[in-house]
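To start, the structure under review is shown below, and the notes come after it.
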DNA sequence: CATTAGCATCACTATATAGCAATATAGTGT
DNA sequence: ACACTATATTGCTATATAGTGATGCTAATG
């Protein structure tokens, strides 16, 4: 949008990216990778997600370029490939924050 | 994220917002409202969405505070309630653009 | 009051996907 | 070659939701 044209194909691509972030489990993974890369096992114990489930989420995030993988021996280390996700989350959190604030104003003006 | 804590509840709220944008039809609606408010019928002919379907999408966008409604007689006019959506879309489009560019570089270095 | 127009809602079907258990694959050490 | 470990993949079930047609609701009009 803005300088971009929103043809049907682009709409689908954009929606796909948002869909990747539309899942608490994946947001949790992204947050876990905020400060350092982690192996799948580490992510598992940090997020509490099952191994197969976690692996699928990581595939999705990887296919869309949100995370990068680095394999060393048996381990696969995942890291953030694009820190702009945090910009996205910030904007959304600001919105939620703002809504909560104005709701509070309604209740206790 | 960032200055926000990502408890389970917040994760769900954030994911909910992204989910609202994870649908081409709703992105199309938001894009249609970029320059001016529109009635449901106008949105229908602009987007090609069925009336019932369109109405449901508008409820979702309205419940989450993305659009505002204004009723005059028989008509309900919808407008954007928060133009920060475009910031979100811009960031995502930039990402897609960047991926396309680097893919091209790989094929024809 | 009856009719019509614009929108919302309901009931339903079809599709997508999160989560889980089981199995497969690949690297490591014995 | 064998056993073990870390991930990936597959097959499945359960749930969510996009789309559609029918129906409901409300406001304008005759």
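Chains as they are written, first to last, in the working numbering: chain A, 1 to 109; chain B, 1001 to 1109.
From the three backbone atoms N, C-alpha and C, an ideal C-beta is built for every residue, glycine too.
Kindly list the residues whose CB is nearer than 8 Å to the CB of residue i, restricted to its own chain and excluding five residues on each side of it in sequence; keep chain order.
i	result
residue 88(A)	21
residue 1060(B)	1020 and 1026
residue 71(A)	77
residue 34(A)	80 and 86
Please list the terminal residues of the continuous alpha helix (DSSP H) segment that includes residue i.
i	result
residue 1018(B)	1008-1020
residue 1064(B)	Careful: residue 1064(B) lies outside any alpha helix (DSSP H) and carries neither H nor E.
residue 42(A)	40-47
residue 27(A)	24-32
Given a threshold of 16 other Cβ atoms within 10 Å of its Cβ, counted over all protein chains shown, does residue i qualify as buried or as exposed?
i	result
residue 1023(B)	buried
residue 75(A)	exposed
residue 1083(B)	exposed
residue 1036(B)	exposed
residue 1017(B)	buried
residue 95(A)	buried
Determine, using beta carbons only, whether residue i and residue j come nearer to each other than 7 Å.
i	j	result
residue 14(A)	residue 1085(B)	no
residue 78(A)	residue 58(A)	yes
residue 1025(B)	residue 1006(B)	no
residue 27(A)	residue 1027(B)	no
Between residue i and the rest of its own chain, which residues show a CB-CB distance below 7 Å, the 5 nearest in sequence each way excluded?
i	result
residue 32(A)	38, 43, 46 and 47
residue 62(A)	69
residue 1081(B)	1065, 1066, 1067 and 1068
residue 100(A)	none
Go to residue i, then tell me how far its beta strand (DSSP E) extends in each direction, as first and last residue.
i	result
residue 1080(B)	1075-1080
In chain order, what residues of the same chain lie with their CB nearer than 6 Å to the CB of residue i, ignoring the 5 residues before and after it?
i	result
residue 4(A)	none
residue 102(A)	none
Taking only heavy atoms of the ligand PLP into account, decide whether any of them is closer than 6 Å to the Cβ of residue i.
i	result
residue 75(A)	The model on display carries no ligand, and the ligand PLP is accordingly not part of it.
(request) Select from the stretch 1001-1020 of chain B all residues with a C-beta closer than 9 Å to any C-beta belonging to chain A, and list them in chain order. (result) 1001, 1002, 1003, 1004, 1006, 1008, 1010, 1011, 1012, 1013, 1014, 1015, 1016, 1017, 1018, 1019 and 1020
(request) Check distances from the C-beta atoms of the stretch 1062-1074 of chain B to those of chain A and list, in chain order, the residues that come in under 7 Å. (result) 1065
(request) Taking a Cβ distance cut-off of 9 Å, strictly less, list which residues of the stretch 1081-1105 of chain B are near chain A, in chain order. (result) 1082, 1084, 1085, 1086, 1087, 1088, 1089, 1090, 1091, 1092, 1093, 1094, 1095, 1096, 1097, 1098 and 1099
(message) Tell me which residues of the stretch 1017-1044 of chain B have at least one Cβ-Cβ distance to chain A shorter than 9 Å, keeping chain order.
(response) 1017, 1018, 1019, 1020, 1021, 1022, 1023, 1024, 1025, 1026, 1027, 1028, 1030, 1031 and 1034
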